[in-house]
Amino acid sequence: MESLSTTCVIAGGGPAGMMLGYLLARAGVDVTVLEKHADFLRDFRGDTVHPSTLTVMHELGLLDEFLRLPHAQVSRITGYFGDQFATIGDFERLPSICKFIALMPQWDFLDFLAGKAKQFPNFHLLMETEAKDLLAQGERIAGVLATGPNGHVQIRAGLTIAADGRHSTLREKSGLPLRDLGAPFDVLWLKLPRLDSDPVDLVGRIQNGQFFVMIYRGHYWQCAYGITKGGFDKIRAEGLNRFRTRLKTVAGFAADRVDAAITDFDQIKLLTVTVNRLEKWARPGLLCIGDAAHAMSPLGGVGINLAIQDAVATSNILGPVLQQGVPKLSDLKQVQARRAFPTWAIQTFQVAAQNAILAPTLAGTRADRAPAIVKLLNVWPWLRQFPARFIGIGVRPEHVQLKAK
Ligand SMILES: Cc1cc2nc3c(=O)[nH]c(=O)nc-3n(C[C@H](O)[C@H](O)[C@H](O)COP(=O)(O)OP(=O)(O)OC[C@H]3O[C@@H](n4cnc5c(N)ncnc54)[C@H](O)[C@@H]3O)c2cc1C
């Protein structure tokens, strides 16, 4: 079996793993990132790059180049509750460098980060390499066992990071207890064409007992259609015509494009929504971050941004330790202490919104009226900065402190 050695091995080349890999490599730490796929191409993953992440890119001196990649910008979140229209969030009122959400395919974002990280000789990216198990040395995790293009490989490391997403293999192998917060709905992702006369906002709709979100993506709308948990099989069984009819009752100005655009269920991607978090993020030698530590509901599009925030916090706390040696469990616990509250705050909001609004809407037990808070946002527009701030900047925003070497 091939055997490698590194200071920090990161399983998973998603937003959390790639950003942490970049930050540590930039600070001179020898770091190895394992990604099980051959590329970063995934459709409809987290494509919502929020002001918090754009601020991190600015602090790294990468923002201008990053924003030269093709992307769309959204500055307002609007919503329809029945026939009532409301502007819910206004990013232009934020005190951040970028007053918008950048909508960019996740693979462009990851390719960009990988390209920057590869400039450091101490950064190693092993594609098509899947972490299968943890290497233990007594009580301590001392690396991972993986399979790569040339067979089995063992990678020994002073620190192992599980950034392998919400179905994390390493988390499962670690035995760390996971708490499921429940999610009463799933999401169907689909695309609808956009016309020049359409708005350029993020538009949410709660209409006719249905829940629909349209995200401006330049020449098309990326759409999320909420369904009751596990309901996709029933929708398929009812057939495409019935689905299109239902979709048209909530697609608003884009209803006229549904028939021509949706011709096959293969165009629709199911996101099985999961909301959970680890009670303990670390064991000696191992730390979980990003979705591996906390899978988020798609509400607010915060998943990749929280993963990036975890990566920045991890580099700030553990980078200086890794420059000197091997982190202790107490060092790893500091990352959870720093990131647990923001995770809890966002998940609490998501669970409250899904239980109070989405689930009853989909069950047909709630009228399509706007919550009282939304009515206030219509009366006092300056209040719209607060939802934008909560979603776009988040609670306890992270800033890059680890210096480049
Ligand atoms: C369909 C869908 C739509 C979404 N839409 C949004 C959105 O609009 N906005 C938003 O912010 N978030 C969205 N999310 C959530 C968002 O994608 C995640 O929260 C975010 O990507 C988490 O980043 P991560 O790096 O922790 O994990 P991931 O992005 O899941 O990355 C994990 C990486 O690890 C790799 N991997 C997995 N197992 C192994 C292994 N054993 N060994 C090596 N590599 C491994 C995977 O291939 C992957 O590249 C969406 C998620 C899905 C599934």
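Just so we're aligned, residue 10 is where the sequence shown starts under our numbering, counting upward by one.
Every residue gets a Cβ at the ideal spot worked out from N, C-alpha and C, and that includes glycine.
(request) Consider the Cβ of D268: report whether some Cβ of chain B lies at a distance smaller than 9 Å. (result) Absence of chain B from the displayed structure is noted, only one protein chain being present.
(request) Reducing DSSP to helix, strand and coil, say where P336 ends up. (result) Counting from 1 along the sequence shown, the entry for residue 336 is found at position 327. Reduced to three states, the DSSP call for P336 is coil.
(request) Answer yes or no: do L280 and A246 have a C-beta to C-beta separation smaller than 9 Å? (result) Here residue 280 refers to the residue found at position 271 when the sequence shown is read from its first residue. Here residue 246 refers to the residue found at position 237 when the sequence shown is read from its first residue. No, they are not a contact pair.
(request) Inspect the CB distances between the segment 176 to 185 and the segment 337 to 344 and report whether three or more fall short of 8 Å. (result) no
(message) Just to confirm the assignment, what range does the alpha helix (DSSP H) spanning V65 have?
(response) Here residue 65 refers to the residue found at position 56 of the sequence shown. Unbroken alpha helix (DSSP H) run through V65: 60 to 68.
(message) Please list the terminal residues of the continuous beta strand (DSSP E) segment that includes P202.
(response) Here residue 202 is taken as the residue at index 193 of the sequence shown, counted from 1. P202 -> beta strand (DSSP E) spans 194 to 202.
(message) Just to check my reading of the structure: R393 and I97 have Cβ atoms closer than 8 Å, yes? What is that Cβ distance to the nearest angstrom?
(response) Position 384 of the sequence shown, counted from the start, is the residue given in the question as residue 393. Position 88 of the sequence shown, counted from the start, is the residue given in the question as residue 97. Confirmed, Cβ separation roughly 7 Å.
(message) Under 8 Å, with one C-beta from each stretch per pair, do the segment 247 to 257 and the segment 398 to 407 reach the 3-pair mark?
(response) no
(request) Name, in chain order, the residues that DSSP records as bridge partners for V40. (result) Stepping through the sequence shown from its first residue, residue 40 is reached at position 31. V40 is bridged to C17, F132.
(message) Any heavy atom of ligand 1 inside 8 Å of the beta-carbon of M223?
(response) Position 214 of the sequence shown, counted from the start, is the residue given in the question as residue 223. Because no heavy atom of ligand 1 lies under 8 Å away, the Cβ of M223 does not count as near it: no.
(message) Using only CA atoms, which one of F129, A171, A123 lies nearest to L143?
(response) The residue labelled residue 143 in the question sits at position 134 within the sequence shown. Of the listed residues, the one whose Cα sits closest to L143 is A171.
(request) To the nearest angstrom, report how far apart L176 and K337 are at their CA atoms. (result) Reading the sequence shown from its first residue, position 167 is the one you call residue 176. Reading the sequence shown from its first residue, position 328 is the one you call residue 337. This sequence places His at residue 176; Leu is not what is there. Approximately 26 Å, taken between the alpha carbons.
(request) Would you kindly check if the distance between the Cβ of A372 and the Cβ of G91 is under 9 Å? (result) For this step, residue 91 is matched to residue 82 along the sequence shown. For this step, residue 372 is matched to residue 363 along the sequence shown. For G91 and A372, no; Cβs fall outside 9 Å.
(request) Would you tell me roughly how many angstroms separate the C-alpha atoms of L32 and L122, rounded to the nearest one? (result) As a working mapping, residue 32 is identified with position 23 in the sequence shown. As a working mapping, residue 122 is identified with position 113 in the sequence shown. Straight-line Cα distance between these residues: approximately 10 Å.
(request) Quick one: grab the DSSP three-state call for E139. (result) Along the sequence shown, one-based indexing puts residue 139 at 130. The answer is strand: DSSP assigns E139 an E or B state.
(request) Can you grab the Cα-Cα spacing for the pair A260 / L29, in whole Å? (result) For the purposes of this step, residue 260 is identified with residue 251 of the sequence shown, where counting begins at 1. For the purposes of this step, residue 29 is identified with residue 20 of the sequence shown, where counting begins at 1. Roughly 39 Å separates the two Cα atoms.
(message) Could you tell me the alpha carbon to alpha carbon distance between L386 and T323, rounded to whole angstroms?
(response) One-based indexing of the sequence shown puts residue 386 at position 377. One-based indexing of the sequence shown puts residue 323 at position 314. Those two C-alpha atoms are separated by around 36 Å.
(request) Could you name the residues that DSSP lists as bridge partners for S12? (result) The residue given as residue 12 occupies position 3 in the sequence shown. Paired residues: Q163.
(message) Looking at G235: is its Cβ nearer than 9 Å to the Cβ of T357?
(response) By one-based count along the sequence shown, residue 235 stands at place 226. By one-based count along the sequence shown, residue 357 stands at place 348. The answer is no: Cβ separation not under 9 Å.
(request) Give the DSSP bridge partners of A95, in chain order. (result) As a position in the sequence shown, residue 95 is number 86, starting the count at 1. Answer is G88, bridged to A95.
(message) Using CA atoms only, rank isn't needed, just tell me which of A304, Q410, F350 is closest to G191.
(response) Indexing the sequence shown from 1 puts residue 191 at position 182. Taking only the C-alpha atoms, the option nearest G191 is A304.
(message) I'd like the list of long-range same chain contacts for P186, defined as Cβ closer than 8 Å, with 5 residues on each side in sequence excluded.
(response) Residue numbering aside, residue 186 sits at position 177 when the sequence shown is read from its first letter. Excluding sequence neighbours, P186 sits near L287, E288, K289.
(request) For E44, I'd like the list of residues in its chain whose CB is within less than 6 Å of its CB, leaving aside the five on either flank, ordered along the chain. (result) Locating residue 44 in the sequence shown gives position 35, counting from the first residue. Excluding residues within five positions, the ones whose Cβ falls inside 6 Å are G22, M136.
(request) Determine the extent of the beta strand (DSSP E) in which R253 is found, giving its start and end residues. (result) On the sequence shown, residue 253 is found 244 positions in, with the first residue counted as 1. Run containing R253: none in the beta strand (DSSP E); it sits in the alpha helix (DSSP H), 249 to 257.
(message) Could you compute how far the alpha carbon of K83 sits from the alpha carbon of L199?
(response) As a working note, residue 83 is residue 74 in the sequence shown. As a working note, residue 199 is residue 190 in the sequence shown. Rather than Lys, the amino acid found at residue 83 in this sequence is Val. Near 19 Å, if we compare the C-alpha coordinates of L199 and V83.
(message) Closest to G2 by C-alpha separation, out of P351, G160, A140, would be which residue?
(response) Absent from the structure is residue 2, since the part of the chain shown begins at 10 and ends at 414.
(message) Check for me: the alpha helix (DSSP H) holding M28 runs from which residue to which?
(response) For this step, residue 28 is matched to residue 19 along the sequence shown. Start and end: 24 to 35.
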